[in-house]
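Going by full-length UniProt numbering, 401 is the number at position 384 of the sequence shown; the sequence numbering is gapless. As structure tokens, the structure follows; a few thoughts come after it.
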Amino acid sequence: PTIFRREDYTAPAWTVPETALDFALDPAATRVRARLSVERSGAHDLPLVLDGAGQKLLSVTVDGIAVNDWRIEGEQLILPLPGDAHLVETEVEIAPERNTQLMGLYASGGNLCTQCEAEGFRRITYFPDRPDVLSTYTVRMSADKARFPVLLANGDPVAQGDNDDGTHWAEWHDPYPKPSYLFALVAGDLAVNRGSFTTRSGRTVELGIWVREADLAKTHHALHALKLSMAWDERVYGREYDLDVFNIVAVDDFNFGAMENKGLNIFNSRYILADPDTATDYDYDAIAAVVAHEYFHNWSGNRITCRDWFQLSLKEGFTVYRDQGFSADQGSAAVKRIEDVRGLRAGQFPEDASALAHPVRPESYLEISNFYTATIYNKGAELIRMMATMLGEQRFRAATDLYFDRYDGTAATCEDFVTCMEEAGEIDLSQFRLWYSQAGTPRVSVSLEHEPGSGRATLNLAQKVPDTPGQSSKQPQVLPLKIRLFGAETGEALTDEQLVILSDASASVTFETIAERPIVSLNRGFSAPVVIESDRTAADLAFLARHDDDPFARYEAMQQLMLDTLVAATIEGAADHAAVIAAVADTLDNPELDPAFVAEAVLLPSESFIGDQLSTVDPDAIHAAREALRRDLGRDLEARWRTAYEAGSGRAYAYTPEDKGRRRLRNVALGYIVASGADDAAGLAYAQFAAADNMTDRQGALTTLVAGHSAERDRALGEFFQRYAGNSLVLDKWFQTQALSPADDTPALVTSLAEHPAFSLANPNRARSLIGAFGVNQRAFHAAGGAGYRWLADQLIALDVLNPQTAAKLLPPLGRWRRFDPTRAALMRAELQRIVAHPGLSKDLFEQASKSLE
Ligand code: B3K
Ligand code: ZN
Numbered sequence: 018p019t020i021f022r023r024e025d026y027t028a029p030a031w032t033v034p035e036t037a038l039d040f041a042l043d044p045a046a047t048r049v050r051a052r053l054s055v056e057r058s059g060a061h062d063l064p065l066v067l068d069g070a071g072q073k074l075l076s077v078t079v080d081g082i083a084v085n086d087w088r089i090e091g092e093q094l095i096l097p098l099p100g101d102a103h104l105v106e107t108e109v110e111i112a113p114e115r116n117t118q119l120m121g122l123y124a125s126g127g128n129l130c131t132q133c134e135a136e137g138f139r140r141i142t143y144f145p146d147r148p149d150v151l152s153t154y155t156v157r158m159s160a161d162k163a164r165f166p167v168l169l170a171n172g173d174p175v176a177q178g179d180n181d182d183g184t185h186w187a188e189w190h191d192p193y194p195k196p197s198y199l200f201a202l203v204a205g206d207l208a209v210n211r212g213s214f215t216t217r218s219g220r221t222v223e224l225g226i227w228v229r230e231a232d233l234a235k236t237h238h239a240l241h242a243l244k245l246s247m248a249w250d251e252r253v254y255g256r257e258y259d260l261d262v263f264n265i266v267a268v269d270d271f272n273f274g275a276m277e278n279k280g281l282n283i284f285n286s287r288y289i290l291a292d293p294d295t296a297t298d299y300d301y302d303a304i305a306a307v308v309a310h311e312y313f314h315n316w317s318g319n320r321i322t323c324r325d326w327f328q329l330s331l332k333e334g335f336t337v338y339r340d341q342g343f344s345a346d347q348g349s350a351a352v353k354r355i356e357d358v359r360g361l362r363a364g365q366f367p368e369d370a371s372a373l374a375h376p377v378r379p380e381s382y383l384e385i386s387n388f389y390t391a392t393i394y395n396k397g398a399e400l401i402r403m404m405a406t407m408l409g410e411q412r413f414r415a416a417t418d419l420y421f422d423r424y425d426g427t428a429a430t431c432e433d434f435v436t437c438m439e440e441a442g443e444i445d446l447s448q449f450r451l452w453y454s455q456a457g458t459p460r461v462s463v464s465l466e467h468e469p470g471s472g473r474a475t476l477n478l479a480q481k482v483p484d485t486p487g488q489s490s491k492q493p494q495v496l497p498l499k500i501r502l503f504g505a506e507t508g509e510a511l512t513d514e515q516l517v518i519l520s521d522a523s524a525s526v527t528f529e530t531i532a533e534r535p536i537v538s539l540n541r542g543f544s545a546p547v548v549i550e551s552d553r554t555a556a557d558l559a560f561l562a563r564h565d566d567d568p569f570a571r572y573e574a575m576q577q578l579m580l581d582t583l584v585a586a587t588i589e590g591a592a593d594h595a596a597v598i599a600a601v602a603d604t605l606d607n608p609e610l611d612p613a614f615v616a617e618a619v620l621l622p623s624e625s626f627i628g629d630q631l632s633t634v635d636p637d638a639i640h641a642a643r644e645a646l647r648r649d650l651g652r653d654l655e656a657r658w659r660t661a662y663e664a665g666s667g668r669a670y671a672y673t674p675e676d677k678g679r680r681r682l683r684n685v686a687l688g689y690i691v692a693s694g695a696d697d698a699a700g701l702a703y704a705q706f707a708a709a710d711n712m713t714d715r716q717g718a719l720t721t722l723v724a725g726h727s728a729e730r731d732r733a734l735g736e737f738f739q740r741y742a743g744n745s746l747v748l749d750k751w752f753q754t755q756a757l758s759p760a761d762d763t764p765a766l767v768t769s770l771a772e773h774p775a776f777s778l779a780n781p782n783r784a785r786s787l788i789g790a791f792g793v794n795q796r797a798f799h800a801a802g803g804a805g806y807r808w809l810a811d812q813l814i815a816l817d818v819l820n821p822q823t824a825a826k827l828l829p830p831l832g833r834w835r836r837f838d839p840t841r842a843a844l845m846r847a848e849l850q851r852i853v854a855h856p857g858l859s860k861d862l863f864e865q866a867s868k869s870l871e
């Protein structure tokens, strides 16, 4: 397969200022006529090259005359053209109902919809399918009126009408030039929840959320979130919406979360539909975040797009940073930061430590779909955050203003963005750019010395960026570390918060007039996405967990204390739990802390995060160590857990930050009560399950029950399935909860669930709910013998035939073989080899599996 390289970029030889598309829509056979006005760019005699894939080409004309001097090379249509400007028309036929990849035009639940990013447009029509060819689109659609009463496309509606054969038509026009990956259309039988938003300059935008009729009542949260997002982007970034309509359509079959098509976002229905009975607090938060994310792309992605796919983080990293800021403003910013860092550590750090590690701006790829990763998205967002920290709020805003102003209407690069940060921020970011080119998570070691006599304290810092595939002997990066010193005796802050920028391999910072022994609060707010190795003792960490004024640092001290204990217990078979128990008790006893924060702070690090700290992951020892600590925390603090549980009980459901926090702490407390082994525990969990007036409490109780063995567990699983048999999003939770279970029967259960009549590989949400969840269940997936590895490989091979993109996304757990003992590693490698050798493998899965073997 062809390797695409960043260094090979060349500007397009032909531009396409205008595109007119005409669709005769039919699930079995859709005809697409494309009329492209093309212009030669610069002096050259290259032919016009149009990308295509999987379609039947019916005709080609140039300036209205049929031609036959074109040829197909690979999947491209090569057309020599004599002049500098022509009108090129093609007609093709495609079959949406046979499109199981869900890229291009496809059918979902009887409706037709599109997904074009990154390279799906070429599955609809022949076109220069690359993000730096911007064109103005006019789209005409016709379809059977009874089956497809609603016809939507990008931009504004222009005209519509009925034909006398039972079909109807509609025409849409998008005045903003856009790349082909932002094209969208939807045809279907849909109902709409309408709203409107008045922009700060007084324009009225008509909003619509389109779903199947029965789901209309579940669209209010998403519509509200959309309005909040529109106002937030005006206030925080000065960005106003630019069309008269903004539509969102929810579909059940979707390869990822949602898509920011200009004026016509298409969403996975799990990020739109919510009511208290079917969606958890987590779902509500995620819906608001994804609605905001896609909306924010209108500026960071659509008005300014990417020059090539190596620049993907230009739009994704920045837009994630923007949606994180939005969510932080809706509730507790501290808890949001904790959640984001937990996500980074669960998803991106392991990627950076694996064979699939790649820089935020990659150098090469086989299949671009494989690069929609936590590194591009979440590490990319951390890069923006570091620049924002170094610039300060005002200069960062000036820099984003400059960026939006200078590059509006163009396809830009990461370099363009950084240059704006430098110019408006009056800062030199030459060395900072290494964050874009070097992969791997920097490790920072920290020690603090104190001379009581002179009152001098010295903080010693050293950094190392680990080797990653194809990259070794890396240069030191720019690490903005927020720090503060606290007095070990008084608990007082001894300094202000300082921003230390570590840019050398090592450096020291000195502090004078430090009378008492200082303890350092480090990387406050997680100001740099690094791993810290410090010489702080358990007592120091417990101290910070109690006294630090930065909530993130406080959480972090607690996590580090737990992690040190769990790592020791894993290696030595047992550890002293007293310090952790005392710190948790202290946190639970502190009336000033917000319950949402307490819930985060008392939660033990996940089994896989503990594994990430070890040179060789021992899943069984980790599980045993963590369960032992959970049991002791449950027993020793049982009265406190019951108090916390009661404090959160007896309230009617409301989705407010306060109630969310209470529910979260209550469910965490329930987990510890069950871990204590108390006789009434399963009964208590079942009672919560049965009485719950919302999905957060119902699923919380179910998760707790599923983690153990009891009659209540089986009863709850059965009732849950019956109650939600007709709701596929909730059934996903039923599969997922079982696949994530730490109980010892999970491998067997997952194998049988794959045979369940409600399971299907064709729906990506369902496939992910079982296969994806099992892959990240460290204990179950790595159960001795390798049956889990074999099962995953079988599923991926089967899924690859239908949907390569989704299959490839689920492969990484198998690629982590280097982190495990030789027996497990050999079993994992054998499955990767089996995948690579499978005939007819997609390049998506081939790239992931073959790179994982290297
Ligand atoms: N831009 C899309 C992701 C497309 C993924 C293509 N494999 C959604 C988003 O990031 O907003
Ligand atoms: Zn995005």
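Quick reminder that beta carbons are idealized off the backbone N, C-alpha and C, glycines included. None of the values given here were measured: they were computed from a predicted structure.
Burial is judged here by how many other beta carbons sit within 10 angstroms of a residue's own beta carbon; Q177 has fewer than 16 and is exposed. Under the DSSP assignment, A474 falls in the beta strand (DSSP E) whose first and last residues are R473 to K481. L446 sits in coil when the DSSP states are folded into three classes, being neither helix nor strand. A405 and G318 have their C-alpha atoms roughly 19 Å apart. Taking the Cβ atoms as the reference, P535 lies roughly 7 Å from F503, within the contact range of under 8 Å. Relative to the ligand B3K, S386 has its C-beta within less than 6 Å of a heavy atom. Selection around the ligand ZN by beta-carbon proximity, strictly under 5 Å to any non-hydrogen atom, yields E333 and T336 in chain order.
Between the ligand B3K and E277, a heavy atom-to-CB distance of less than 6 Å is present.
Put simply, the segment 862-871 touches the segment 378-389. At least three CB pairs are less than 8 Å apart. Of I814, Q812, G802 and P34, the smallest CA-CA separation from L844 is found for G802.
Apart from the 5 residues on each side of it in sequence, A351 sits with its Cβ closer than 7 Å to the Cβ of P568, F569 and F614 in its chain, given in chain order. For F366, the enclosing alpha helix (DSSP H) begins and ends at F366 to D369. A contact between stretches requires three or more CB pairs, one per stretch, nearer than 8 Å, and the segment 603-610 fails this requirement with the segment 631-649. L129 sits close to L42, with the two beta carbons spaced by under 7 Å.
In the three-state reduction of the DSSP assignment, T107 falls in the strand class, which pools E and B.
When secondary structure is reduced to three states using DSSP, D179 falls in the strand class. The beta carbons of D714 and A669 sit about 12 Å from each other, so the pair does not count as a contact at 8 Å. Within 10 angstroms of the beta-carbon of D422 lie fewer than 16 other beta-carbons, which makes it exposed. For the segment 51-81, the full-length beta strand (DSSP E) segments reaching 3 residues or more read 65-68 and 73-79 along the chain.
Counting only residues of its own chain and dropping the five nearest sequence neighbours on each side, Q515 has a CB closer than 6 Å to the CB of I500.
The residue among F626, G694 and Y662 with its C-alpha nearest the C-alpha of D649 is G694.
Rounded to whole angstroms, the gap between the alpha carbons of K826 and L199 is 22 Å. Take the alpha-carbon of Q739 and the one of A562: they are about 44 Å apart. A check of alpha carbon separations from T236 across Y258, R252 and I265 identifies I265 as the nearest. With a cut-off of 6 Å, the C-beta of E134 is classified as near the ligand B3K, since at least one heavy atom of the ligand falls inside that distance. Counting only the Cα atoms, T823 lies some 20 Å from I289. P759 carries a coil assignment under DSSP once its states are collapsed to helix, strand and coil. Note on G397: 16 or more other CB atoms within 10 angstroms of its CB, so buried under the neighbour-count rule.
Y312 has its CB no nearer than 6 Å to any heavy atom of the ligand B3K. By the neighbour-count criterion, in which a residue is buried when 16 or more other Cβ atoms sit within 10 angstroms of its Cβ, P839 is exposed. Rounded to whole angstroms, the separation of the alpha carbons of M575 and R320 is 43 Å. Between Y312 and the set A248, F528 and A742, the nearest pair of CA atoms involves A248. About 5 Å separates the CB atoms of R22 and S381; that is less than 8 Å, so the two are in contact. Judged by DSSP in its simplified three-state form, P497 adopts strand. The segment 539-555 makes contact with the segment 459-470, as at least three CB pairs between them are under 8 Å. When the five nearest sequence neighbours on each side are left out, the beta carbons in the same chain lying within less than 6 Å of the beta carbon of A698 are those of I690 and V691, in order along the chain.
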